[in-house]
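All the letters of the sequence shown, read from the start, carry residue numbers 568 to 789 under the numbering used here. Heads up, the thing below is written out as structure tokens.
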Amino acid sequence: MIKHWEIFCDFDGTITYNDVGDVLFETFANSEYQRALKDWQAGRISSRRNLERVCAAARVTRTQLEQLCDSQKIDPTFSELVEYCRSRTYPLIVLSDGLDFYIKRILENYHFGYLEVRANHLCFVNTNRIVPQFPYWQHTCGACANCKGYHLRQSREQGNYTIYIGDGLSDRCAVKEADVLFSKGELMEYCQRHQVHFFPYSNFNDIVQKLQELENRETQIN
């Protein structure tokens with residue numbers, strides 16, 4: 568059995584079908600959301616500045632945001648990854664450059680509220696204003712509010728074998744730090760352009776099967 572595996576999984580568009588952050592700001596922010604998104608995608612601003620701009624533009628109450636969260640669906644095969652990690656006592660960490668409020672609310676809705684979440688923090692101010700806070704900013708790469716590369720690098724320095732699962736541009740910093748990388752969507756395209764080795768996946772069934780293969784291979788070697 569392989570020891571010291573640590574598995575990190577993106578949230579928006581990976582565990583959930585939708586990018587919940589996008590849905591939040593498309594619903595409750597004005598046209599500043601699209602302007603900020605384009606600036607971030609073009610590399611003109613960091614994800615921290617993007618979040619600051621769109622949160623400042625948003626008008627949403629706690630109740631409205633809870634209702635939006637309660638309408639979101641997760642990939643039903645995510646439970647297979649959770650059970651796989653539980654059965655082997657592998658840490659499973661939800662790692663996001665999004666906002667913790669909606670991540671935790673949705674995970675709790677599906678009885679996964681016990682999972683560790685590392686994300687930016689959302690605060691409610693007055694009745695309908697939200698403000699982001701950045702608990703991991705001191706470790707930033709400059710482009711990310713919560714640099715995923717930092718978390719994987721810390722894990723590797725502690726002697727762990729790191730597995731990362733993602734789908735988007737916010738996962739780019741994790742690419743160079745992961746021992747094993749699972750990619751789809753924009754992240755897969757990024758890896759192909761930069762000739763980064765990865766395993767493609769459609770759902771968490773694919774991931775669990777590949778992890779079992781890697782376990783078996785390591786067992787045979789040892």
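Ideal placement from N, C-alpha and C gives every residue a C-beta, glycine not left out. Computed from a predicted structure; not experimentally measured.
Using 8 angstroms as the threshold, is the C-beta distance between residue i and residue j below it?
i, j, result
"C690", "Y703", "no"
"I582", "V661", "yes"
"L666", "I774", "no"
"E599", "V621", "yes"
"D579", "S614", "no"
"N676", "D738", "no"
"C711", "C740", "yes"
"F772", "T644", "Just to set this straight, residue 772 is Asn in the shown sequence, not Phe. Yes, they are a contact pair."
"L748", "F766", "yes"
"H571", "Y768", "no"
What are the boundary residues of the beta strand (DSSP E) that includes residue i?
i, result
"I732", "Y728 to G733"
"E573", "W572 to C576"
To the nearest whole angstrom, what separates the beta carbons of residue i and residue j, a pair I think is in contact under 8 angstroms?
i, j, result
"A745", "L719", "6 angstroms"
"V590", "L635", "7 angstroms"
"F575", "I730", "7 angstroms"
"D577", "G735", "7 angstroms"
"I641", "I673", "7 angstroms"
"N597", "A624", "5 angstroms"
"L632", "F679", "With 8 angstroms as the limit, L632 and F679 do not qualify as a contact, their Cβ atoms being about 19 angstroms apart."
Classify residue i: buried if its beta carbon has 16 or more other beta carbons within 10 angstroms, exposed otherwise.
i, result
"E724", "exposed"
"E573", "buried"
"G733", "buried"
"M568", "Residue placement at M568 cannot be trusted, given a pLDDT of 44 that sits under 50; what the coordinates show is reported in the next sentence. M568 is exposed by the Cβ-count criterion."
"N789", "Residue confidence is low: N789 scores 48 on pLDDT, short of 50, so the model does not pin down where it sits. No coordinate-derived value is stated."
"Q779", "exposed"
"G716", "buried"
"S557", "Given a span of 568 to 789 for the chain in the structure shown, any question on residue 557 remains unanswerable."
Starting from residue i, trace the alpha helix (DSSP H) both ways and give me its first and last residue.
i, result
"F749", "Careful: F749 lies outside any alpha helix (DSSP H), inside the beta strand (DSSP E) at V747 to S750."
"H718", "K715 to E724"
"C622", "S614 to A624"
"G588", "V587 to F595"
"Y600", "E599 to Q608"
"T583", "Segment: none, T583 is in no alpha helix (DSSP H) and carries neither H nor E."
"R611", "Element bounds for R611: n/a, residue is neither H nor E."
"T630", "R629 to D637"
"C740", "R739 to V742"
Counting only runs of 3+ residues fully inside the region 642-695, write out the beta strand (DSSP E) ranges in chain order.
659-666 and 683-692
Extract the residue ranges of the alpha helix (DSSP H) inside the region 751-784, only unbroken runs of 4 or more that lie entirely within it.
752-760
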